[in-house]
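**Student:**
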């Protein structure tokens, strides 16, 4: 059905839980493709023993490189981007598949699921902040009773896009390595080729232990890289283009060029000016 792309970096127990959830909670059979960063904790051996498709980096190459390399092995029409610290909840793929039936053939689009997290964001349900505390029984019992609407924009991963759409924009931009800022950058690249269907599905859910994939390496300044690349901030893009956190009411349109838009744009340009000025002074000192 789908190619599920999972970068992992010496995160064996979480990765095992992720695989378990895919096996037990998927309605359909999927092609699982892993990018192993280092894998010195037994991950590389596990992937080989499970006979999973995988790409490999001897050092931690970050999620941008990981996604790009693993996607090259995909043989499915659609790819699902995930992380090794995600537990896929029941019927996640059924929801994606039902949504695909509503979309015209050969369209370019970006669908995302909804993250369930043990703090106040998206769906807030505390079933453990780490794998030692994880209460699977509570999650499976209580989560179906929580309602969450479809929404504009995206919660990033898990995300589903056509492989052909991924290839049109050459995947993730590796200047954002190890990864912060790469998701909104990817979405803006999709916007620039005409994608307007950015839809988050409230019933497609993963439990997320929150950024464990990146914690083992110093984070990059993705917000700065995004601003210098595009001339606008991530916040501006999400607010005026993706309209993140609004209820879904159809494909997006061009942003309203109102007072709020131009005021926020002015703030972006001021920030950009000072970043460029600082970079100029640093080069000349």
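Numbering (the working numbering), first residue to last: 146 to 430.
A virtual CB, placed ideally from N, CA and C, is assigned to each residue, including glycine.
In this text, all values refer to a predicted model and were calculated from it rather than measured experimentally.
Is it right to say residue 350 is buried, meaning 16 or more other beta carbons lie within 10 angstroms of its own, or is it exposed?
**Tutor:** Within the chain shown, the letter at position 205 stands for residue 350. So residue 350 counts as buried.
**Student:** Considering only DSSP beta bridges, list what residue 176 is partnered with.
**Tutor:** Sequence index remark: in the chain shown, residue 176 carries index 31 (1-based). Note: residue 176 sits in a beta bridge opposite 148.
**Student:** What residue from 166, 312, 232 and 347 has the CA that sits closest to residue 274's CA?
**Tutor:** Residue mapping note: residue 274 aligns to position 129 of the chain shown, counting from 1. Checking every option, the nearest Cα to that of residue 274 belongs to 232.
**Student:** For chain C, find out if any of its Cβ atoms is closer than 8 Å to the Cβ of residue 350; answer yes or no.
**Tutor:** Given the protein chain composition of this structure (a single chain), no chain C is represented.
**Student:** Could you compute how far the alpha carbon of residue 238 sits from the alpha carbon of residue 223?
**Tutor:** Position 93 of the chain shown, counted from the first residue, corresponds to residue 238. Position 78 of the chain shown, counted from the first residue, corresponds to residue 223. About 12 Å.
**Student:** Indicate whether the contact test is met: 3 or more Cβ pairs, each with one atom in the stretch 406-417 and one in the stretch 372-380, closer than 8 Å.
**Tutor:** With the cut-off at 8 Å, the stretch 406-417 and the stretch 372-380 touch.
**Student:** What are the boundary residues of the beta strand (DSSP E) that includes residue 163?
**Tutor:** On the chain shown, residue 163 is found 18 positions in, with the first residue counted as 1. No beta strand (DSSP E) contains residue 163, which is instead part of the alpha helix (DSSP H) from 157-170.
**Student:** So residue 213 and residue 184 are in contact, right, with Cβ under 8 Å, and what is the actual spacing, rounded?
**Tutor:** Position 68 of the chain shown, counted from the start, is the residue given in the question as residue 213. Position 39 of the chain shown, counted from the start, is the residue given in the question as residue 184. Between residue 184 and residue 213 the Cβ distance is about 18 Å, and since that is not below 8 Å, they are no contact.
**Student:** In angstroms with no decimal places, state the Cα-to-Cα distance between residue 365 and residue 182.
**Tutor:** Taking the chain shown and counting its residues from 1, the one referred to as residue 365 is at position 220. Taking the chain shown and counting its residues from 1, the one referred to as residue 182 is at position 37. Cα to Cα, the separation comes out at about 17 Å.
**Student:** Look at the alpha carbon of residue 399 and the alpha carbon of residue 313, and state the distance between them as a whole number of angstroms.
**Tutor:** The sequence position of residue 399 within the chain shown is 254, counting from 1. The sequence position of residue 313 within the chain shown is 168, counting from 1. One C-alpha to the other measures close to 21 Å.
**Student:** Report the option in 352, 332, 337 and 381 whose CA atom is closest to the CA atom of residue 344.
**Tutor:** For the purposes of this step, residue 344 is taken as residue 199 along the chain shown, with counting starting at 1. Among 352, 332, 337 and 381, the Cα nearest to that of residue 344 belongs to 332.
**Student:** From which residue to which residue does the beta strand (DSSP E) around residue 298 run?
**Tutor:** Numbered from its first residue, the chain shown carries residue 298 at position 153. Taken as a continuous stretch (DSSP letters only), residue 298 belongs to no beta strand (DSSP E), as it is neither H nor E.
**Student:** Curious, which full-length beta strand (DSSP E) runs of at least 3 residues does the stretch 185-219 contain?
**Tutor:** Entirely contained in the stretch 185-219, the beta strand (DSSP E) runs reaching 3 residues are, in chain order, 198-202.
**Student:** Quick check on DSSP: helix, strand or coil for residue 420?
**Tutor:** Here the question's residue 420 lines up with position 275 in the chain shown. DSSP places residue 420 in helix when its eight states are reduced to three.
**Student:** How close, in whole Å, do the beta carbons of residue 340 and residue 254 come, if the pair is a contact with beta carbons under 8 Å?
**Tutor:** Start at 1 with the first residue of the chain shown, and residue 340 comes out as number 195. Start at 1 with the first residue of the chain shown, and residue 254 comes out as number 109. The pair is a contact, with the Cβ atoms about 6 Å apart (cut-off 8 Å).
**Student:** Spatial neighbours of residue 200 within its chain, please: C-beta separation below 6 Å, excluding the five flanking residues on both sides.
**Tutor:** Position 55 of the chain shown holds residue 200. Contacts found: 180, 214 and 215.
**Student:** Are the Cβ atoms of residue 319 and residue 225 separated by less than 8 Å?
**Tutor:** Working through the chain shown from its first residue, we reach residue 319 at position 174. Working through the chain shown from its first residue, we reach residue 225 at position 80. Against a cut-off of 8 Å, the Cβ pair of residue 225 and residue 319 comes out as no contact.
**Student:** Distance, Cα to Cα, residue 267 vs residue 307?
**Tutor:** Stepping through the chain shown from its first residue, residue 267 is reached at position 122. Stepping through the chain shown from its first residue, residue 307 is reached at position 162. In a straight line, the C-alpha of residue 267 is about 25 Å away from that of residue 307.
**Student:** What are the boundary residues of the beta strand (DSSP E) that includes residue 344?
**Tutor:** Start at 1 with the first residue of the chain shown, and residue 344 comes out as number 199. 343-353 is the extent of the beta strand (DSSP E) around residue 344.
**Student:** Once the 5 residues before and after residue 158 are set aside, which same chain residues still bring their CB inside 8 Å of it?
**Tutor:** Taking the chain shown and counting its residues from 1, the one referred to as residue 158 is at position 13. Contacts found: 276.
**Student:** Which of the three DSSP states is assigned to residue 386 in this structure?
**Tutor:** As a first step, residue 386 must be located in the chain shown, where it is residue number 241. Helix at residue 386.
**Student:** Using the C-alpha atoms, what's the distance from residue 188 back to residue 265?
**Tutor:** Translated into the one-based positions of the chain shown, residue 265 becomes position 120. Translated into the one-based positions of the chain shown, residue 188 becomes position 43. Cα to Cα, the separation comes out at about 31 Å.
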